[in-house]
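Report on the following structure.
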């Protein structure tokens, strides 16, 4: 495989006070960020001025966890913040070009609502909507939606496959030219260009059609994050962007080859899916400035929070009975996020980390790749994965907001641009165009084309 | 009862091209209004500059009906338009003072999502959110949500009562001062001010807490529209605004007394619920100008559309086999909107209307009160219902957008202001304050108060 050329795709992952677990305690963070709309407007406008492809909002359909003492010591368990679709819709009105990607669960939603809301956001924003499809790993969320216990991992993914298929079908309800709006003849639409889905599957019965016109992007962009076997299979089938978490270039390259290799079986090309791992960069003008910034955040981690964070990342088992300076015990396989459990345990075993060392390693970036260094060092790290086919771009997870986003924009982006790795102006008018993704053909047009060929 | 003083509350009901069934065919309407965000921005900003209390978005969770020929001749069956919560959130970012009321169904949603989205909109807008609670009258919507047939009317209302109770409980998840955000002590919230709902009812199991801080309004304003017995009972229990449809002052006064009289049994005062009937005003500088405007719209009604509209308003039964110039046949009771069926049939019988006469009477305003006249005549009509305790205000349904909204603002509002019936400036900073509604106390604070008294 030849050395790669081209440009990175970049997302700005906006967790209220920043991605670092202790960011909310830093003097520069806005502690009320999760309910502060002006804060998000400033972040989104700054990311847009810097030509990021998209802003990305993670989500949970409920607080993660029920250990109240732990929860009360963090701002990072989806305790209290904006709901992503309402927030992205509001941001759509005060931005022009940047993509707007929000999380919605296939386990706790109805496909008709999700298809409709993202299509509506795509119209409001002029073609900038993206849906981050998650199956929801937390049992605590399930209890807000009539479940006594969480649906098993495999069933969640079976439901997700059918859910995504229904959403995609609903997005094809109307051909692009279905709406005649012929005032004189009194014809609002052409009945031949309206398609009734009539879906009847194992999980859903959905008649359709969707009551929103075809989205400006054809379909909003579908993003997915799972890295388990079921997650990769779902992504290969439906996703156009993967937001993933690999700690090393070797793992990233293996993941990249694995997922891209699965696309052909669904009639898709490697470029139809962009792989954008998460990365938490801590940048300083010098290496020691970067290390100091990171140390300042790490020192703010409450040990009780660090321990609980490790518990969550390794599958939700209570580790408080084990010595902090001893090894991670053997843990059973989880029904929560299998891929996150495996990634975290692999790291601990590879580097022989104690519980305390593990929490200092992963609690800060919460299981994501972190890079601490000068703009050159960070650009080197991002370039290395990219040129070796370990990533098509990154979901940049600023540790502390707004500081770390501004640092990345002011210090790292000029370096990436100098290397020809990032744009100076948006290429297209839609998120899909900027990401370099094809416009999806309607399933009904595809049928017509097949019929015509036959 | 003494002659009434005080001021009207006014909502602007924004159906894409206007409320009149044929508005989309008028040369002044934007035929793509349902997907045109700039159009809504202009309408909302105009309504805000005129000091309307709120904009109101009706909704259907799917196209109403499946007669494709009929549907293709109207823009009025929720065929293709923005989803209300995404649209209102976007409008929140480009307005400052006006209330934002959107429709969401208790039959096809989960209370956790609804509580969260409206609380989020309330934060984004700084206290301007309102939820129009509907049980969804259309069987066609049910088929988009796994139902083979629609839940019976009575069951829908039983579900709605429990749904509203869960939403209200979730909105009380956090005391107003729960979030300490104490960076030095590392305490994000006070555990004693977080409340877990643990709801287990007939329809829902919802643990909570909600993962959005207490709304700026305490609770978003709850609006309701049903006028059936079950609808009035639900409104008396939970609603703070009723959007209703009475054709005559006598009916409006009876409805007003009936509903206000039901409040005491729930420990509520008459002023805790504002009754705002819908009205479609057609205003001209002279009476003949007004009549001409109305005639122009009426002439655009396609007879096939008028007939189908009458079918819908009388319960969804097919009337195409009956002579247009004959009487309305006897119809069985519907499982759709009982109150709308009764209101429409009463009108037909009272005035002995043929099917054609009925459709010309009701298709235009779709069952709502219509007033055609000069600014003085329209102000007289609005004032009469108000001073006789038939309304606390109105949901103004402009026939044609933007023209009819502008006419109302330019011609009728000055007349209402001259009479002291409408504000020249917003009184408060929130929708609730402008409507003159109390700030709700948390159910947990109320419990504490009772405990303290005992």
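Chains as they are written, first to last, in the UniProt record's numbering: chain X, 1 to 454; chain P, 1 to 454.
Just so it is clear, CB atoms sit at the ideal spot from N, CA and C, and this is done for glycine as well.
Does the beta carbon of residue i sit closer than 9 Å to a beta carbon anywhere in chain P?
i	result
residue 208 of chain X	yes
residue 56 of chain X	no
residue 62 of chain X	yes
residue 112 of chain X	yes
residue 442 of chain X	no
residue 41 of chain X	yes
residue 32 of chain X	yes
residue 205 of chain X	yes
residue 16 of chain X	no
Can you check DSSP and say which residues form a bridge with residue i?
i	result
residue 370 of chain P	P:280
residue 199 of chain X	X:206
residue 327 of chain X	X:354
residue 224 of chain X	X:133 and X:242
residue 274 of chain X	X:241
residue 187 of chain P	P:182
residue 103 of chain P	P:132
residue 194 of chain P	P:174
residue 9 of chain P	P:393
residue 218 of chain P	P:215
Would you say residue i lies against chain X (beta-carbon separation less than 9 Å)?
i	result
residue 106 of chain P	no
residue 202 of chain P	no
residue 212 of chain P	yes
residue 146 of chain P	yes
residue 91 of chain P	yes
residue 403 of chain P	no
residue 119 of chain P	yes
residue 294 of chain P	no
residue 109 of chain P	yes
residue 271 of chain P	no
residue 316 of chain P	no
residue 307 of chain P	no
residue 300 of chain P	yes
residue 186 of chain P	yes
residue 27 of chain P	yes
residue 323 of chain P	no
Can you check whether the CB of residue j is closer than 9 Å to the CB of residue i?
i	j	result
residue 17 of chain P	residue 120 of chain X	no
residue 64 of chain P	residue 77 of chain P	yes
residue 151 of chain X	residue 115 of chain X	no
residue 29 of chain X	residue 400 of chain X	yes
residue 388 of chain P	residue 253 of chain P	yes
residue 110 of chain P	residue 146 of chain X	yes
residue 340 of chain X	residue 245 of chain X	yes
residue 153 of chain X	residue 228 of chain X	yes
residue 303 of chain P	residue 359 of chain P	yes
residue 276 of chain P	residue 392 of chain P	yes
residue 7 of chain P	residue 422 of chain P	yes
residue 278 of chain P	residue 131 of chain P	no
residue 90 of chain X	residue 13 of chain X	no
residue 363 of chain X	residue 67 of chain X	no
residue 235 of chain P	residue 273 of chain P	yes
residue 405 of chain X	residue 47 of chain X	yes
residue 444 of chain X	residue 184 of chain X	no
Short-range partners of chain X found in the stretch 67-87 of chain P, where Cβ spacing is below 8 Å: Correct list: 68, 69, 71, 72, 73, 74, 75, 78, 79, 80, 81, 82, 83, 85, 86 and 87.
Residues, ordered as in the chain, of the stretch 217-245 of chain P that lie near chain X by beta-carbon distance below 8 Å: none
Under 8 Å (Cβ pairs) to chain X, residues found in the stretch 164-178 of chain P: 174
Within 7 Å of chain P by C-beta, residues of the stretch 248-260 of chain X in sequence order: Hits within the stretch: zero.
Selection of the stretch 121-143 of chain P by Cβ proximity to chain X, strictly under 7 Å: 121, 123, 124 and 143
Residues of the stretch 363-397 of chain X whose Cβ lies closer than 7 Å to any Cβ of chain P, in chain order: none
Segments of 4+ residues assigned as alpha helix (DSSP H) that fall wholly inside the stretch 14-60 of chain X: 37-49
Positions along the stretch 325-346 of chain P whose CB lies within less than 9 Å of some CB in chain X: Residues of the stretch 325-346 of chain P with a C-beta less than 9 Å from any C-beta of chain X: none at all.
Those runs of the beta strand (DSSP E) which lie wholly inside the stretch 64-127 of chain X and span at least 3 residues: 99-105
3-residue-minimum beta strand (DSSP E) runs that sit fully inside the stretch 296-350 of chain X, ordered along the chain: none
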